[in-house]
Every structure is written in structure tokens, then in C-alpha cells.
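Residue numbers (my numbering): 1 to 121. Have a look at the structure below before the remarks.
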């Protein structure tokens with residue numbers, strides 16, 4: 001099984017996510033957000049992992065790579081390729097699927113339990 005990890009160049013270390021993928025039999029390739037013009041096709045991948053970032057989906061100065069990543073995630077959805085979004089990657093997936101991302105009143109850093117609301121269940 002093959003996975004693609006999308007990350008920023010300054011924090012592209014897959015860390016525990018990479019170890020967990022390897023333990024589950026995945027090999028993986030990293031796509032750098034800053035190099036989105038050179039991303040290969042998703043033809044040979046079974047999973048897309050959109051990693052965290054210090055970016056936000058609504059920042060104008062990174063709009064081009066943000067939109068490129070959203071297009072890649074939309075392609076993965078349409079092909080039935082599995083997707084895991086972590087932090088910024090989850091923001092990207094939410095926007096790709098029609099959600100909205102806005103600035104929180106205070107930062108949420110670390111692990112949090114996520115609850116579904118009735119209209120999204």
C-alpha cells in the first residue's frame with residue numbers, strides 16, 4: 001500500500017504518523033505544499049495524509065498552494081482514495097468537502113476529542 005504525505009518544507013518530518021504508516025505496511029512519498037506544481041498523479045496511491053502546518057486555509061499569501069491541495073483532496077475523494085487530515089490538513093479537508101474554516105477565539109494545540117453535531121451526523 002502506498003500513501004502520499006502533504007506537508008510544508010519546514011516541518012515535513014512525518015514523525016509518529018510515518019512510523020504508524022510503516023507499521024501498517026504503507027510506504028509513502030512526501031509532497032511539499034510549496035512545490036505543488038510538481039506533484040505527481042494520485043494513480044499509484046491508496047491514501048492521502050494532509051499533515052499540519054502553521055498556515056491557515058484563509059490566508060491570501062498562500063492561496064495558490066492551498067487551492068492546489070484542496071483540488072488534490074477533491075480528486076482523492078472522487079476516486080475513493082482514503083484521506084487523513086491532521087490539523088491544517090483537517091481544515092483543508094473540511095473546506096474541500098464544503099465546510100468553512102474561521103479563526104478560533106483561542107488556539108487549540110494538542111489532542112482534543114471531536115464531537116459531531118446533529119446536522120453533520
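Ideal Cβ positions, reconstructed from N, Cα and C, are used throughout, including at glycine. Keep in mind it's a predicted model, so treat the numbers as computed, not measured.
Within 10 Å of its beta-carbon, does residue i have 16 or more other beta-carbons around it, so buried, or fewer, so exposed?
| i | result |
| --- | --- |
| residue 37 | exposed |
| residue 3 | buried |
Considering only the alpha carbon of each residue, which of the options lies closest to residue i?
| i | options | result |
| --- | --- | --- |
| residue 104 | 21, 78, 56 | 56 |
| residue 92 | 26, 77, 73 | 73 |
| residue 52 | 117, 106, 116, 111 | 111 |
| residue 88 | 101, 79, 76, 77 | 101 |
| residue 94 | 81, 77, 106, 108 | 77 |
| residue 34 | 117, 69, 4 | 69 |
Using DSSP with H/G/I as helix, E/B as strand and the rest coil, what is residue i?
| i | result |
| --- | --- |
| residue 94 | helix |
Less than 8 Å between the CB atoms is what I'm expecting for residue i and residue j, so what's the real figure, rounded?
| i | j | result |
| --- | --- | --- |
| residue 48 | residue 83 | 5 Å |
Identify every run of the alpha helix (DSSP H) within the segment 45-84, keeping only runs that are complete inside it and at least 4 residues long; order them along the chain.
Counting only runs of 4 or more, we get 63-79.
Restricting to runs no shorter than 4 residues, where is the alpha helix (DSSP H) found entirely within the segment 9-37?
Within the segment 9-37, complete alpha helix (DSSP H) segments of at least 4 residues are found at 15-23, given in chain order.
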